[in-house]
Amino acid sequence: MNGYNFTERVRKVLAMAREEAARLHHEYVGTEHILLGLIREGEGVAAAVLQHLNVDLEEIQAKIEETVKKGKAAQATGPDLPYTSRAKKVLELAMGEARELGHSYVGTEHLLLGLL
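This is the structure we're talking about:
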């Protein structure tokens, strides 16, 4: 992680992203799952920013689920689900945002910036 620590909340979001991928029967963790994890977590800086911008989190969740559709039963689950190259890029961008802001941690706010 290049010396950057993911906050407990980010670790929780990433665990939720894996859960969302498994729930949707996907064999990967993608950016859509990370966003679903951020929405589900609902209490971090990222969620507060989205709420401040009057983003309807339930509508976003429904649109994601409608767009990506359920897959067939996934073979891998939990920590065995690989991240897509785009999801990995989001994590790299989040670390870059944290570094540029002079933070020694990666929080949900950095994760949201990485997604954008």
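Using the working numbering, the letters of the sequence shown correspond one by one to residues 12 to 127.
Even for Gly, the Cβ is constructed at its ideal location relative to N, Cα and C.
- prompt: In three-state DSSP terms, what is residue 101?
  reply: Working through the sequence shown from its first residue, we reach residue 101 at position 90. Note: residue 101 maps to helix in three-state DSSP.
task: Name, in chain order, the residues that DSSP records as bridge partners for residue 39.
output: Mapped onto the sequence shown, residue 39 falls at position 28. Answer is none; residue 39 lacks a bridge partner.
query: Once you ignore the five residues that flank residue 51 on each side, which residues in its own chain have a CB closer than 6 Å to its CB?
result: For this step, residue 51 is matched to residue 40 along the sequence shown. Excluding positions up to five away in sequence, the list reads 27.
field: Environment of residue 113 [buried if 16+ CB atoms lie within 10 Å]
entry: Here residue 113 refers to the residue found at position 102 when the sequence shown is read from its first residue. It counts as exposed.
- prompt: Closest to residue 54 by CA distance: which of 40, 19, 73 and 108 is it?
  reply: Walking along the sequence shown from the start, residue 54 turns up at place 43. For residue 54, the nearest C-alpha among the options comes from 19.
message: Between which two residues does the alpha helix (DSSP H) holding residue 120 run?
response: The residue given as residue 120 occupies position 109 in the sequence shown. Run containing residue 120: 119 to 126, per the alpha helix (DSSP H) assignment.
query: Which value, in whole angstroms, describes the spacing of the CA atoms of residue 80 and residue 33?
result: Within the sequence shown, numbered from 1, the residue matching residue 80 stands at position 69. Within the sequence shown, numbered from 1, the residue matching residue 33 stands at position 22. CA-CA distance, residue 80 to residue 33, rounds to 12 Å.
message: Short of 7 Å in beta carbon distance, which residues of its chain neighbour residue 49, apart from the five on each side in sequence? Order them along the chain.
response: Position 38 of the sequence shown holds residue 49. So the list reads 24, 57, 58, 119, 122 and 123, once near-sequence residues are dropped.
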